Structure formats: C-alpha cells, structure tokens
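Chemist: Numbering (UniProt numbering), first residue to last: 1 to 191.
Glycine included, each C-beta is placed from N, C-alpha and C at the ideal position.
Fair warning: this is a prediction, and the values are worked out from it, not measured in the lab.
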C-alpha cells in the first residue's frame, strides 16, 4: 500500500513539486508535506517536527533547507494535527505515524538513503523509532532525549505534559514508556 491521497500544493519551487500526502497509520488517515525532486530520488530526508498543534508545524521553508536536486524531503504532521485523523498522543501512537511513513518511503524508493532529522519533540520521536527502521542516519537537532528532564526543566510545558501524558509521579508508566534513552539502551548490543 502506498499513499492514499496526493494533493498538489500551491508552492512553486524550480527543482521540486510540493504535495500534501495522506497515508494510513493504525487505520487513521495521517498527512505529511512532501517535496519531490523532478530528478531521480537518491536521498530522502524525513523531518520530524517539534511542537504540538500549530506550534512548530511543518512548513515548506523548513523542508527546503534539506533539499537538493535528488533529495525528497518530507515532514509528517502526526495524528490529530493539520487535518490528520486521531488524537495527538505525544510519543505513543504518533510514533507509528513515523514508522509507517518510513516503511512506505523505503518500499517506494528501496535504493535511496534515508536520513531522519528530529527537531525538539521530533528528537524523541526519532530516538524511539529509528533503530527498527531502514534509516541511514539520524540527527537530533535541539531535541528532547529525556521526558523527565523535559518536565523538570521546562516549567512552561508542564501543564501540556500533564494534559497529554499525566503527572510524572502519578503516571510513572506513561513517562517510562516515553524514555527514549532507556528504551534505546535495551535494544543496543552490549560489547
């Protein structure tokens, strides 16, 4: 299965075409902004956005920063955002939105190198998903790596974290499930 919808976006760029694509993730229709080169795709950059809702949303200007004439650049909106179905679960079901998109891209472009760039919230998104995917490289750009430290250090985000996840003491299991470094260390081979 591939993309279920493709909508041409009114963005003019001399080397790429912009589309908003829709794909299935856990039976939800999730959207992403994609810029496809007019030439053969040799490289894919998946930009994992930061923020929540309209804060930090995927924009054409950000995707253009990663493009060249043979690079497809895409940024998933995540479920519950920008017309995607479902509810934003902040590092739970939305992780499947990332993995499903990467699998679709790998199936469509099996010989292209895939690079992930996680910004802010996207840093944790990538850390919780990249090791199980056909990814060549992963870069965290000002990204979250520890949800407990995020709660402790970002007083301005505590209310949002309590609404989305719960309190770190009362809802310990929900926070532990979102601990990227601990999860990663469980899967890394020890030498």
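Any contact of the stretch 39-52 with the stretch 73-88, i.e. 3+ C-beta pairs under 8 Å?
Modeler: yes
Chemist: Applying the 10 Å Cβ sphere with the 16-neighbour rule, what's the burial state of residue 16?
Modeler: buried
Chemist: Please list, in chain order, all residues of the same chain as residue 96 whose beta carbon is under 7 Å from its beta carbon, the five residues on each side excluded.
Modeler: 25 and 26
Chemist: When you compare the stretch 116-124 with the stretch 138-145, are there three or more beta-carbon pairs, one atom per stretch, that lie closer than 8 Å?
Modeler: yes
Chemist: Residues bridged to residue 112 by DSSP?
Modeler: DSSP, once it has assigned bridges, lists no residue as partnering residue 112.
Chemist: Between which two residues does the alpha helix (DSSP H) containing residue 173 stretch?
Modeler: 172-176
Chemist: Count the other CB atoms, across all protein chains shown, that sit within 10 Å of the CB of residue 63; report buried if there are 16 or more and exposed otherwise.
Modeler: buried
Chemist: Rounded to a whole number of angstroms, what is the C-alpha to C-alpha distance between residue 158 and residue 123?
Modeler: 18 Å
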